[in-house]
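Only one structure is covered here, and it is reproduced in the block below.
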Amino acid sequence: MTAADAPELDLVEPHMLGFLTQLGIDVEYVRAEGNTLWYRDRDGREIPVVDYAGGYGALVLGHNHPELVATAQQLLADGTPILAQASLHPYASRVGAALNTILQREFPGAEPYFTVFANSGAESVEVAVKHAELDRVLRVQALFQTVEAETERARAAVAAGQAGDPAEFDRLLAEVTAHNAELAGRAPLFLTPEGSFHGKLVASVQLTYNAAFRTPFAAMAAPARFVPLNEPGALAKIVEAERVSARSLAVADGTVRVVEHEFPLFCAFVLEVIQGEGGIRPVSEEFAREIEQVCAEIDCPIVVDEIQSGLGRTGAFFAASHLGLRADYITLAKGLGGGIAKTSATLIRAGRYRKEFELLHSSTFAKDTFSSALALRVLELLEADGGAAYRLAERSGERLLALFEALRREFPEVVTDVRGRGLMIGLEFRDQSAATAAGIREAAQSGVFGYVLSGFLLRAHRIRTFPTASAVNTLRFEPSVHLSQAEIDQLETALRDLCAVLARQDEHRLFQG
Ligand code: F0G
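Residue 365 in the working numbering sits at position 362 of the sequence shown; the count goes up by one each step and never skips.
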């Protein structure tokens with residue numbers, strides 16, 4: 004398990020390597036298939052590990068799915084052009100069409116959605132955010148045209164002596180102009196629930212709740228208002244406090260009046276239907292309805308980030324379909340490339356789509372044939388046999404949930420909560436920062452408790468899972484849909500042992516086991 008033949012000084016993020024070594028998870032995996040990863044022990048024997056981390060949720064179909072490997076091999080064997088920008092992209096087009104077929108099934112009567120491809124999750128969020136900002140800026144321009152036209156009509160009426168004193172008009176006009184200029188200079192405002200994770204690029208990291216990730220870069224992009232998750236009335240209150248109006252002047256009953264026009268300050272409401280990195284926290288039905296209602300009132304587009312929850316792992320292709328939550332934008336990544344290619348997609352509802360965006364945004368690698376052909380095969384595999392994969396995700400998820408609930412009942416002093424749906428489940432352990440065992444207490448106080456649990460499960464039971472980075476006491480489980488009963492049994496033995504070790508504060512076994 005040691006990095007025996009690693010160079011003396013690794014020049015790639017060497018401090019991260021130190022962290023992995025300290026926790027005993029500095030393993031080099033040499034082979035992967037389905038839910039299994041293998042490493043070599045000191046004698047060169049391959050040791051299997053059951054992978055519940057699932058590539059941070061990217062391995063919905065498992066490692067190296069044979070059909071996807073065959074697709075990749077065939078593309079290369081055929082000499083398929085992988086990069087031929089500014090030409091036809093039939094695979095990408097078929098992915099766009101297939102996604103719309105799925106959308107129609109899960110959201111009956113949905114409008115068409117246009118697809119913009121990118122290469123990673125955060126990039127697809129940035130596409131959504133950029134598009135929403137373009138749309139907002141164009142709406143602001145249209146609003147100011149209306150405001151100016153209305154004000155011009157008032158000016159003409161005043162000049163014709165039909166609407167009071169010209170000096171009073173000029174005074175009002177100066178006020179209104181200054182007010183509108185202040186609005187025009189404002190940064191757009193995003194709304195997103197507390198606990199959100201939408202990536203770590205310049206704009207998306209401002210939508211990521213964890214302050215450690217976000218605040219150093221706050222000056223670089225538009226800010227978000229974080230809304231308490233699932234708290235009734237909180238969103239409406241925040242919106243009420245932030246809402247602003249542009250002003251025009253109009254004549255009514257022979258006098259000039261100031262008229263208020265809702266100003267599109269809010270660029271987008273961005274949410275995960277089940278928060279992933281924030282600790283596997285589902286959005287409630289009531290919260291979803293409130294988001295729809297408030298966003299409709301202020302004409303704020305809804306971006307549903309399905310990067311982690313999408314591609315079938317919750318028992319439906321889109322997790323938002325369980326809530327009937329209709330988005331203006333949907334982001335997909337992770338599993339879309341089948342665990343082999345890196346690709347992502349932003350779906351944009353036709354009614355919101357701005358054709359100008361196609362000339363304003365691009366990427367060298369987006370829509371490449373390799374990742375698009377794999378994405379198409381992924382969709383075919385998920386949709387095969389009437390969506391058998393979704394039923395597998397649902398069934399295995401129910402088994403895992405039942406197991407975790409049983410552990411919670413059995414070890415209430417160790418396990419505090421079980422959350423999630425399908426193959427996106429979090430198991431929260433009780434905070435140990437006041438534990439009797441000094442080693443456990445210190446690990447908890449320094450924020451690495453979850454990683455200590457990961458290290459134990461790996462060393463003692465050949466189980467791979469991680470805490471979510473922003474909820475370090477929550478282990479997350481995101482295996483592929485092809486999860487076997489034997490793999491679940493192995494997890495049960497491992498977790499039962501872990502809970503017993505924690506219950507008796509056996510730090511020797513926890514750190515050495
Ligand atoms: N949105 C969600 C919901 C995510 O879970 C992630 C990544 C991203 C966006 C960013 O995607 O890494 O491809 O740029 N989540 C990882 C995680 C890091 O811990 O689950 P990316």
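Where a beta carbon is used, it is the ideal one built from N, C-alpha and C, also for glycine.
None of the values given here were measured: they were computed from a predicted structure.
Which class does residue 29 belong to by DSSP, given the choice of helix, strand or coil?
-> Coil, per DSSP.
Rounded to whole angstroms, what's the CA-CA distance from residue 410 to residue 290? Just pull it up for me.
-> Residue 410 and residue 290: Cα-Cα distance of roughly 29 Å.
Whole-Å CB distance - residue 127 paired with residue 353, under 8 Å assumed = That pair is no contact at about 18 Å.
In chain order, what residues of the same chain have a beta carbon less than 8 Å from the beta carbon of residue 457, not counting five sequence neighbours either side?
-> 26, 28, 467, 468, 469, 470, 478.
Which two residues bound the contiguous beta strand (DSSP E) that contains residue 193?
-> Where residue 193 is concerned, the enclosing beta strand (DSSP E) stretches over 192-196.
Taking the alpha-carbon positions, what's the residue 310 to residue 378 distance?
-> Residue 310 and residue 378: Cα-Cα distance of roughly 14 Å.
Do residue 59 and the ligand F0G come close, with the Cβ less than 6 Å from some heavy atom?
-> A distance criterion of 6 Å places the beta-carbon of residue 59 in contact range of the ligand F0G, judged by its closest non-hydrogen atom.
Separation of residue 386 from residue 104, as counted between CA atoms | Residue 386 has its alpha-carbon roughly 10 Å from the corresponding atom of residue 104.
Touch test, the segment 286-304 against the segment 254-271, Cβ-Cβ under 8 Å, three pairs minimum = Segments in contact, yes.
Measure the CB-CB distance between residue 259 and residue 172 and report whether it falls below 7 Å.
-> Taking 7 Å as the Cβ cut-off, residue 259 and residue 172 qualify as a contacting pair.
Span of the beta strand (DSSP E), counted from its first residue to its last, around residue 227 | Annotation for residue 227: the continuous beta strand (DSSP E) segment containing it runs 227-230.
Nearest to residue 318 by alpha carbon, out of 117, 484, 475?
-> It is 484 whose Cα lies nearest to the Cα of residue 318.
Distance, residue 106 Cα to residue 212 Cα = Their backbone Cα atoms lie some 29 Å apart in a straight line.
Just tell me which of 296, 288, 350 has its CA closest to the CA of residue 308.
-> Minimum Cα distance to residue 308 is reached at 350.
Put residue 206 into one of helix, strand or coil per three-state DSSP.
-> Collapsing the DSSP output to three states places residue 206 in coil.
CB residue 357 to CB residue 168, shorter than 7 Å?
-> No.
Please determine, among 143, 163, 87, the residue with the shortest C-alpha to C-alpha distance to residue 254.
-> Residue 163 is the option with its Cα nearest to residue 254.
Sorted by chain position, which residues of the same chain lie with C-beta nearer than 6 Å to residue 135's C-beta, five sequence neighbours on each side aside?
-> Answer for residue 135: 270, 271, 304, listed in chain order.
Express the C-alpha separation of residue 198 and residue 380 in angstroms, rounding to a whole number.
-> Spanning the alpha carbons of residue 380 and residue 198 requires a straight line of approximately 33 Å.
Integer Cβ distance of residue 481 from residue 55, believed to fall under 8 Å = Yes, they are in contact, since the Cβ atoms of residue 481 and residue 55 sit about 7 Å apart, within 8 Å.
Assigned secondary structure, residue 68 (DSSP; H/G/I helix, E/B strand, else coil) = Residue 68 falls in the coil class under three-state DSSP.
Helix, strand or coil for residue 314 per DSSP?
-> When secondary structure is reduced to three states using DSSP, residue 314 falls in the coil class, being assigned neither helix nor strand.
With DSSP as the reference, label residue 471 as helix, strand or coil.
-> Here DSSP, grouped into helix, strand and coil, assigns residue 471 to strand.
Should residue 280 be listed as close to the ligand COA, given that the test is whether its C-beta is under 6 Å from any heavy atom?
-> This structure lacks the ligand COA; the ligands present are the ligand F0G.
Any non-hydrogen atom of the ligand F0G closer than 6 Å to residue 123 Cβ = For residue 123, the distance from the CB to the nearest heavy atom of the ligand F0G is below 6 Å.
With 16 other CB atoms within 10 Å as the buried threshold, where does residue 434 fall?
-> Looking at its Cβ environment, which holds fewer than 16 other Cβ atoms inside 10 Å, residue 434 is exposed.
Return yes when at least one heavy atom of the ligand F0G lies under 6 Å from the C-beta of residue 113, else no.
-> No, Cβ of residue 113 sits at least 6 Å from all heavy atoms of the ligand F0G.
Host beta strand (DSSP E) of residue 254 (start-end) | Annotation for residue 254: the continuous beta strand (DSSP E) segment containing it runs 248-255.
Endpoints, the alpha helix (DSSP H) within which residue 387 is located = For residue 387, the enclosing alpha helix (DSSP H) covers residues 372-413.
For residue 465, the nearest candidate out of 443, 22, 439, 496 (CA to CA) | Per the Cα distances, 496.
Span separating the alpha-carbon of residue 21 from that of residue 30 | Cα-Cα distance, rounded: 12 Å.
Identify, in the order they occur along the chain, each residue of the same chain with its Cβ nearer than 6 Å to the Cβ of residue 36, setting aside the five sequence neighbours on each side.
-> Same-chain partners within the cutoff: 66, 67.
Is the segment 439-446 in contact with the segment 382-396, if contact means three or more CB pairs nearer than 8 Å?
-> With the cut-off at 8 Å, the segment 439-446 and the segment 382-396 do not touch.
If you draw a straight line from the C-alpha of residue 43 to the C-alpha of residue 239, how long is it?
-> C-alpha of residue 43 to C-alpha of residue 239: approximately 55 Å in a straight line.
Can you have a look at residue 195 and say buried or exposed, based on whether 16 or more other CB atoms are within 10 angstroms of its CB?
-> With 16 or more neighbouring CB atoms inside 10 Å of its own CB, residue 195 falls in the buried class.
Measure the alpha-carbon distance for residue 6 versus residue 83 and round it to whole angstroms.
-> With a pLDDT of only 49 at residue 6, under the threshold of 50, the placement of this residue in the model should not be trusted, and no figure is reported.
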